[in-house]
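Participant: In terms of mature numbering (1 follows the signal peptide of the UniProt record, and there is no 0), the sequence shown is residues -17 to -1, 1 to 397.
Yeah, the Cβ is synthetic: ideal placement off N, Cα and C, and Gly gets one too.
The structure follows.
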Amino acid sequence: VCVCVCFQSLVASLVTSQPDDPISHLIDLLKSSNMSIPRVVLLGPPAVGKHTLARHLSVQLEAVHVTTETLLPDQSEISTLNEQGFAELLVQLVQQRLKQPDCVHQGWILVGIPQTRLQALLLQQAGIIPEHVVLLVAPTNVLLKRNQRRSDDLQTDSNRTSIRSADDVIAGHQERGGLSEEQLLAKLQLFHCEVTGLRSAYRHILKVIDGNQLDTVIYLQARAFIQTHHHFRTPRILLMGPPGSGKSHQAKLLSKKYKMTDVCCSRLLRSVAANGSGLGAEIQQYLENEQSVPDSLVLQAVEQRLSQVDCSSRGWVLHGFPYNLHQARCLWGFQHQPNRVFFLEVTDDVCLDRTTQRRTDWVSGERYHTVTRPPQTAEVQRRLQAAPDDGAEVMKERLKRYRAESAGLQSVFP
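In structure tokens form, the structure reads like this:
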């Protein structure tokens, strides 16, 4: 894990800094005492407390606190720009700032940047990719009360700025900008229009934190998240759907194209039962008696399989599991969670046609359909057999069970 984190930090620094001499840049980074420098984005509506949080994190992490105000002290420069023009200017300024030695060696915290999905995409195109994104949220009535309280205290607080640090002054003006209620509501409306796009742009590295808590609680939650490292995102795909929807076929195609491990739950259980292990012996008893394998044994088998080296290094595509709500919730609690979930939607009539006409060559294991995909030779035709589970009555019962469970399954994987 340490090697992965080191490599990831080196690559990210190269992309962000784009140094003239990459080799010397990498050597300097390797010589530095801390490779895991913070690269954090703090987002949230006005008055939610993001600048206060940034100030505390900046001190504790020794990272550079970067805001729109520090990048653009003279706001009159942007008054004539349209959305695209302002986004391009902002990204250019951010890129220049993050190339400075303090940001390169200490890390950075971008506060309130980006404000729109367009800005987020332009930052990504420029190679500015944070390690962690924290989104603070709070109810509108809470934000209105905070803004009113801060507006009332603005004059009193301004009299004390002479004994406060520069960061405190920045945070005070940014969090307590004296917005009227109408101005705040307008900014909130803009934020709510953009927040879905921002969440989508950073969905894999995003942590949403309730901003209506004590500052200490918010800080501890944010810092705990920022101190975690994200692993390289190998594909972990879960295919869901009724029997006969084509999960096995799609898994085979995905496995072949992307070199992932194809994990079929039914094949896995038979394989574990045949290997002679303690778990296999327990599973074998149920298979021999044609009984359903208990969830506890299925979960053990699946978790062990997903933990093996080929799945960890190449990724996996899992199908035939989970088939009930309990299994789905347990899978979501695994160390190796899926990062892509696909539900294949097919009508019962189509599923029945596919499965009742399905035949398997017991020599090659290849599947055929008597109408749409018959075998090419008479020899293979003679070897074809129908699986007992593919009978019409059995399939109708399986489809009925799936339909009863499908709503619960989709609630776990929205």
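How many whole angstroms separate the CB atoms of residue 243 and residue 297, which I take to be in contact at a CB cut-off of 8 Å?
Facilitator: Yes, they are in contact, since the Cβ atoms of residue 243 and residue 297 sit about 6 Å apart, within 8 Å.
Participant: Is it right to say residue 66 is buried, meaning 16 or more other beta carbons lie within 10 angstroms of its own, or is it exposed?
Facilitator: exposed
Participant: If you draw a straight line from the C-alpha of residue 158 to the C-alpha of residue 186, how long is it?
Facilitator: Any reading at residue 158 is ruled out, since the residue's pLDDT is 47, under 50, leaving its predicted position unreliable.
Participant: Quick check on the DSSP output: the alpha helix (DSSP H) that includes residue 306 runs from which residue to which?
Facilitator: No alpha helix (DSSP H) contains residue 306, which DSSP labels as neither H nor E.
Participant: Ends of the beta strand (DSSP E) at residue 223?
Facilitator: 219 to 223
Participant: Taking residue 385 as part of the beta strand (DSSP E), name the residues at either end of that continuous run.
Facilitator: Looking at the DSSP string, residue 385 is not in any beta strand (DSSP E); the run it does join, the alpha helix (DSSP H), is 375 to 395.
Participant: From residue 36 to residue 134, what does the alpha carbon distance come to, in whole angstroms?
Facilitator: 19 Å
Participant: Going by DSSP, which residues form a beta bridge with residue 117?
Facilitator: 25 and 190
Participant: Considering just the uninterrupted stretch of the alpha helix (DSSP H) at residue 80, what are its terminal residues?
Facilitator: 66 to 81
Participant: Which residue wins for smallest C-alpha separation from residue 276, given the options 350, 260 and 253?
Facilitator: 253
Participant: When burial is assigned at 16 or more other CB atoms within 10 Å of the CB, is residue 155 buried or exposed?
Facilitator: Per-residue confidence for residue 155 stands at a pLDDT of 46, beneath the threshold of 50, marking its modelled position as unreliable; no derived number is given.
Participant: Using only the alpha-carbon positions, how far apart do residue 64 and residue 5 sit?
Facilitator: Approximately 35 Å, taken between the alpha carbons.
Participant: Of the residues 84, 48, 220 and 74, which one's Cα is nearest the Cα of residue 93?
Facilitator: 48
Participant: For residue 271, tell me which candidate among 261, 80, 257 and 284 has the shortest Cα-Cα distance.
Facilitator: 257
Participant: As a quick exercise: from 219, 163, 251 and 385, pick the residue whose alpha carbon is nearest that of residue 329.
Facilitator: 385
Participant: Can you give me the Cβ contacts of residue 383 inside the same chain, cut-off strictly under 8 Å, excluding the 5 residues immediately before and after it?
Facilitator: none
Participant: Our contact map puts residue 192 next to residue 117 with C-beta atoms below 8 Å; I'd like the distance itself, whole angstroms only.
Facilitator: 6 Å
Participant: If you count every other CB in all the chains shown that lies within 10 Å of the CB of residue 144, and 16 or more means buried, which is it?
Facilitator: Confidence is the limiting factor: at residue 144 the pLDDT is only 43, short of 50, which leaves the residue's position unreliable, though a coordinate-based value still follows. With fewer than 16 Cβ atoms within 10 Å of its Cβ, residue 144 is classed as exposed.
Participant: Does the region 340 to 355 come within contact of the region 367 to 378, defined as at least 3 CB pairs closer than 8 Å?
Facilitator: yes
Participant: Beta-carbon separation of residue 174 and residue 28 under 8 Å?
Facilitator: yes
Participant: State yes or no: is the C-beta of residue 391 within less than 8 Å of the C-beta of residue 262?
Facilitator: Going by C-beta atoms, residue 391 is not nearer than 8 Å to residue 262.
Participant: If I follow the unbroken alpha helix (DSSP H) through residue 251, where does it start and stop?
Facilitator: Boundaries of the alpha helix (DSSP H) around residue 251: 248 to 257.
Participant: For residue 321, is the classification buried or exposed, using 16 other Cβ atoms within 10 angstroms of its Cβ as the cut-off for buried?
Facilitator: Result: buried.
Participant: Using C-beta distances below 6 Å, list every residue in its chain close to residue 121, excluding the 5 sequence neighbours before and after it, in chain order.
Facilitator: Cβ neighbours of residue 121 beyond the five flanking positions: 31, 194 and 195.
Participant: If you draw a straight line from the C-alpha of residue 312 to the C-alpha of residue 69, how long is it?
Facilitator: 44 Å
Participant: Between the Cα of residue 86 and those of 46, 110, 387 and 95, spot the shortest distance and give me the residue it belongs to.
Facilitator: 46
Participant: If you draw a straight line from the C-alpha of residue 101 to the C-alpha of residue 181, how long is it?
Facilitator: 9 Å
Participant: Please list the terminal residues of the continuous alpha helix (DSSP H) segment that includes residue 174.
Facilitator: 164 to 184
Participant: Hey, would you say residue 306 sits closer than 8 Å to residue 376, going by beta carbons?
Facilitator: no
Participant: Report all residues from its chain with a CB closer than 7 Å to the CB of residue 326; omit the five preceding and five following residues, and keep chain order.
Facilitator: 223, 224 and 393
Participant: Looking only at its own chain, which residues have a Cβ that is under 6 Å from the Cβ of residue 379, when we skip the five neighbours before and after it?
Facilitator: none
Participant: Exposed or buried, which one is residue 319 when buried takes at least 16 other CB atoms within 10 Å?
Facilitator: buried
Participant: Mapping DSSP to helix, strand and coil, what is residue 3?
Facilitator: Three-state result, residue 3: coil.
Participant: Express the C-alpha separation of residue 280 and residue 363 in angstroms, rounding to a whole number.
Facilitator: 36 Å
Participant: Using only alpha-carbon positions, find the residue among 115, 204, 233 and 220 that is nearest to residue 184.
Facilitator: 115
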